[in-house]
Amino acid sequence: MKTNGRFLMTTIALLGSTQAAHAASTHTTYSSGWLVLAFFGLCALVVTVQLIPAIMLLAGMLKGLLTSKESKPVRQLN
Numbered sequence: 050m051k052t053n054g055r056f057l058m059t060t061i062a063l064l065g066s067t068q069a070a071h072a073a074s075t076h077t078t079y080s081s082g083w084l085v086l087a088f089f090g091l092c093a094l095v096v097t098v099q100l101i102p103a104i105m106l107l108a109g110m111l112k113g114l115l116t117s118k119e120s121k122p123v124r125q126l127n
């Protein structure tokens with residue numbers, strides 16, 4: 050019973066001493082113009098377009114590694 054009372058008092062002390070967090074107002078923090086947003090959008094578009102061939106290349110390499118194909122011996126021409 051003594052440990053239950055100690056646990057209860059510790060929990061009340063810890064929870065009772067906390068205060069609410071005050072977040073910063075973002076109303077005036079963001080002041081970039083629409084050109085900055087257009088630039089970031091263009092950068093995101095370039096990254097996306099570069100990812101498409103990279104994913105296709107990775108899929109082709111994995112397909113080549115996972116499929117086993119028996120090779121025929123090469124005949125030499127005399």
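Using our numbering, read the sequence shown as starting at 50 and increasing by one per residue.
The beta-carbon is built from N, C-alpha and C at its ideal position, and this holds for glycine as well.
Self-check item: Coil, strand or helix - Thr-116 by DSSP
Solution: In the three-state scheme derived from DSSP, where H, G and I count as helix and E and B as strand, Thr-116 is classed as coil.
Quiz prompt | For Ser-117 and Thr-97, the rounded distance between their alpha carbons | solution = Cα-Cα distance, rounded: 32 Å.
Quiz item: Just reading off the alpha helix (DSSP H) that Arg-55 is part of, what are its end residues?
Solution: 51-65
Self-check item: Inter-residue Cα distance where the pair is Ala-103 and Arg-124
Solution: Going from the Cα of Ala-103 to the Cα of Arg-124 covers about 36 Å.
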